[in-house]
Amino acid sequence: MSVIKLNTARLEPQVTQDEINQIWPEIKAAKQTLIQGTGAGNDFLGWVNLPTELDPTIVKEIKNQVHRIATEQKIEAFVVIGIGGSYLGARAVIEALQSEFAFNNVANGKPLVVYAGHTLSEDYCHQLLEFLDTKNYAVAVISKSGTTTEPAVAFRIVREHLEKKYGRTGAAERIIAITDKQRGALHDIAQQEHYPAFVIPDNVGGRFSVLTPVGLLPIAMAGYDIDALLEGAKEMRQMCLDGDTPETNPAMLYAACRNILYRKDKKVEMLVNFVPNLRYISEWWKQLYGESEGKDGKGILPHSLSFTTDLHSMGQYVQQGERTMFETVISVDHPLHEVTIPSDEKNLDGINFLVGKHLNDINRCAEQGTIIAHHNGGVPVLQISLPHIDERVLGQLIYFFEFACGVSGYTLGVNPFDQPGVEAYKKNMFALMGKPGYENYKLQ
Ligand code: PA5
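Start counting the sequence shown at 8; every next residue gets the next number (our numbering).
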């Protein structure tokens with residue numbers, strides 16, 4: 008039973024019901040290609056059935072590791088080392104659920120999750136090590152290939168810090184590796200050093216891996232309910248597989264609208280939130296759609312904005328700049344906490360008319376006002392409504408976006424499951440760093 012709703016009312020006149028009906032046979036064909044596994048990249052479709060087929064012993068083992076590390080060792084911080092698909096999903100869910108001010112989460116019995124291996128910034132790394140100097144901590148190192156430079160470099164540095172702090176044996180008890188079943192440098196290190204390890208399935212690509220240990224382990228370590236997350240994904244999977252009409256399948260409808268808009272030269276999609284906790288959902292979504300569709304000279308450019316913050320910086324452009332964009336607004340119906348506007352006798356700020364109102368009521372006025380204004384300014388607006396933010400709803404949202412991405416990519420005519428373009432910068436970087444084997448490589 009879905010709790011996520013898609014509202015297409017403010018796509019008109021750029022997207023009409025007739026146009027949705029016209030493209031629908033293509034969308035249905037793309038869905039069949041996806042679920043029957045007959046399209047390009049069909050060796051990377053393991054994510055389609057993950058919510059129902061994930062081995063329960065893996066979930067149990069994740070919980071055992073959380074108990075051993077978070078509860079028994081009472082860690083204050085948990086470092087997640089990974090980049091791209093090996094960290095964005097976990098961060099998206101954790102940041103959606105945790106307090107924006109969770110600097111000292113340990114007070115609630117939960118370690119603060121911090122990130123490494125997603126940047127080569129020396130100052131970031133120094134700041135992280137300075138932070139870890141004073142914390143009781145553990146580490147998950149995540150890399151499917153096991154050879155990605157950024158996490159490999161970060162892991163070497165953090166591991167040295169960990170070994171200095173806890174000794175080699177103590178460090179080994181605080182490291183969990185998540186990597187390929189049998190290949191790669193990380194796999195070999197984990198075996199040699201006897202780190203507990205989880206496998207990233209061969210048939211699940213990085214950006215689709217949040218419902219494998221890649222996402223589940225850090226999310227559980229942060230104290231969140233991975234059963235509910237999987238349950239939500241399962242509900243949405245059922246809906247995506249069963250529904251075949253625009254009314255019953257929001258993921259297919261989203262894929263249809265995006266493709267109609269793209270064919271009308273709407274080349275930029277802005278994923279908009281009015282809740283800052285969702286900004287890493289946008290980062291995860293950008294990778295999902297950017298890597299899946301941005302190839303062969305095609306693809307919508309995924310962009311993201313956080314309102315009302317960005318209305319005061321990007322609002323002007325959205326309202327009156329190039330009309331090459333559309334917005335997908337993630338609306339959250341109910342906040343989890345209440346804050347109301349206090350009264351002030353002097354009313355010098357002139358906002359006494361808001362006294363007693365919930366901040367969310369004001370935020371919803373901003374949202375509605377923005378949607379109407381942007382729509383009237385020539386920006387088609389799609390609205391995805393979430394009832395609130397919790398693990399189950401996030402599980403639905405994740406699967407919704409993943410399924411829609413597969414359907415949308417096949418409708419666009421690309422292989423949504425490869426990312427050949429990511430290699431170009433790596434080869435240049437290897438040559439510049441003097442990596443053995445790249446001595447004669449010409450920068451391109
Ligand atoms: O989606 C992808 O394939 C990429 O973003 C990878 O996840 C990212 O490059 C990290 O790769 P790896 O997990 O092999 O270290």
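Glycine included, each C-beta is placed from N, C-alpha and C at the ideal position.
{"query": "Nearest to A235 (by Cα), restricted to the options F437, G384, V66 and L41", "result": "V66"}
{"query": "T155 beta carbon near the ligand PA5 (any heavy atom closer than 7 Å)", "result": "yes"}
{"query": "P253 versus L260 - alpha carbon distance", "result": "5 Å"}
{"query": "Check whether L224 and I337 have beta carbons under 8 Å apart", "result": "no"}
{"query": "Same chain, Cβ closer than 7 Å to F408, neighbours up to 5 away in sequence not counted", "result": "W292 and L295"}
{"query": "contact_flag[the region 341-355, the region 385-396] where n(CB pairs < 8 Å) is 3 or more", "result": "yes"}
{"query": "First and last residue of the uninterrupted alpha helix (DSSP H) at K241", "result": "I233 to D249"}
{"query": "Pairwise C-alpha distance: E26 and L193", "result": "49 Å"}
{"query": "Where F108 falls: helix, strand or coil (DSSP)", "result": "coil"}
{"query": "Buried versus exposed, by CB contacts within 10 Å (16 or more), F205", "result": "buried"}
{"query": "Environment of P63 [buried if 16+ CB atoms lie within 10 Å]", "result": "exposed"}
{"query": "Pick from L95, T59, G92 and F85 that is closest to T141, judged by C-alpha positions", "result": "F85"}
{"query": "Inter-residue spacing [alpha-carbon to alpha-carbon] between G322 and N210", "result": "41 Å"}
{"query": "Through-space distance from P220 to T45, alpha-carbon basis", "result": "27 Å"}
{"query": "I183 CB to nearest heavy atom of the ligand PA5 below 7 Å", "result": "no"}
{"query": "The ligand PA5 heavy atom lying under 7 Å from the CB of K305", "result": "no"}
{"query": "Length of the line joining the Cα atoms of A109 and G124", "result": "21 Å"}
{"query": "Run of the alpha helix (DSSP H) containing E170, from where it starts to where it stops", "result": "T156 to A179"}
{"query": "Meets three-Cβ-pair contact criterion under 8 Å: the region 303-322 and the region 412-431", "result": "yes"}
{"query": "Meets three-Cβ-pair contact criterion under 8 Å: the region 92-111 and the region 49-57", "result": "no"}
{"query": "Three or more C-beta pairs below 8 Å linking the region 276-291 and the region 241-256", "result": "no"}
{"query": "6 Å Cβ shell around V148 - same chain, five flanking residues per side excluded", "result": "I88, F162 and A184"}
{"query": "Nonlocal neighbours in the same chain, by C-beta distance under 6 Å from Y287, ignoring five residues either side", "result": "R98, A99 and E102"}
{"query": "Element boundaries [alpha helix (DSSP H), containing N280]", "result": "Taken as a continuous stretch (DSSP letters only), N280 belongs to no alpha helix (DSSP H), being part of the beta strand (DSSP E) at V275 to N280."}
{"query": "Alpha-carbon spacing of P118 relative to L127, whole angstroms", "result": "24 Å"}
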